[in-house]
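What follows is a single structure, written as structure tokens, with notes after it.
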Amino acid sequence: KGRMAGYRMETAAATVPGGGQAVGGDSLRFQASAGADARVRFARSLGTLKHSFEPYAALRYSSMTGDDDLPLYDHLDRNDGGTVLGYGVSSRLLSSPRNGQRVELARASLSQSYDFDDRILSDHFSDIDLGLQVAPLPQLSLRALASYNVGSDLLTGAIASLGLRDIDLPGLSGGGASAALAYRYVRGGALESAEGRLDLPLMARLGFAVSGRYDLIGGDFVERAAGVKLGSDCGCWTLDIGFVERVNPDE
């Protein structure tokens, strides 16, 4: 499959800093893209459960574009061209059929890509992304994602999260409380944080939520928030009122 698209860029008249020369005008450029995908699915039964294994590969090509005729158009805004091969494998475990349907209990994935034109850190390979998601109960979900660069022998990022929903707490309306916790890590310890959120349905149409994000490196909260949500009888509108205190660590 493929496509070709044309982009018409308009640059307003302006003065180049230091040069005093007015620039502006129109520019027209085209970009073509094409790709091919291949995927194979293997499945087997484990008693009443069902397990699948799916390797895949995808090749994508985009023609190169330039911005020489766009003096006010930053090069970061353009569409980079090139050829990228993505490949990986995913595996899923499905529950026993209930009312003719199966629910996903667990999913694991492993993926990577190869850029034929540009280098990523030390080579043309991207990070290896490993993902895992487990839902042993309808109310409980666990997720983890890690990115590892083989060429640099470096863990570039990781996320782990836990989610609870439809919690039945005493004194709350409808048993629809939910909670979420997450841990985030970015390459070299540039970012390491923990965050959480709690949603409580106080009444049929009134709810309360509180959340926070804690910087594990700086040892302080960088974001705290609380708010209420009011809904209508018809379900056609909601009103959210909240307070957010956010700290920029660079300031």
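Taking the working numbering, I'd label the letters of the sequence shown as residues 4 to 254.
Ideal Cβ placement from N, Cα and C applies to all residues, glycine included.
Y59 has its alpha-carbon roughly 27 Å from the corresponding atom of G50.
Around the beta carbon of P204, 16 or more other beta carbons lie within 10 angstroms, which makes this residue buried.
For the options S214, V189, S94 and G154, the alpha carbon positioned closest to that of S181 is the one of S214.
A residue is called buried when at least 16 other Cβ atoms come within 10 angstroms of its Cβ; D40 does not meet this threshold and is exposed. Secondary structure note for T51: it is in no beta strand (DSSP E), with a DSSP letter that is neither H nor E. Spatial neighbours of V247 in its own chain (CB-CB distance under 6 Å, excluding positions within 5 residues in sequence) are listed in chain order as A228.
Per the coordinates, the alpha-carbon of S112 lies some 43 Å from the alpha-carbon of D236. Counting along the chain, S235 sits inside no beta strand (DSSP E), nor does DSSP assign it H or E at all. Counting along the chain, the unbroken beta strand (DSSP E) around G89 starts and ends at G85 to L97. Taking S129 as reference, the option from Y151, V250 and A161 with the minimal CA-CA separation is Y151. Contact between S98 and V106 holds, since their C-beta atoms are separated by about 4 Å, short of 8 Å.
In this structure, G234 sits near T241, with a CB-CB distance shorter than 8 Å. Beta-bridge annotation (DSSP): P141 is not paired with any residue. Going by beta carbons, Q142 and R110 fall outside the 8 Å limit.
Separation of A212 and D223 (C-alpha to C-alpha, rounded to the nearest whole angstrom) is 21 Å.
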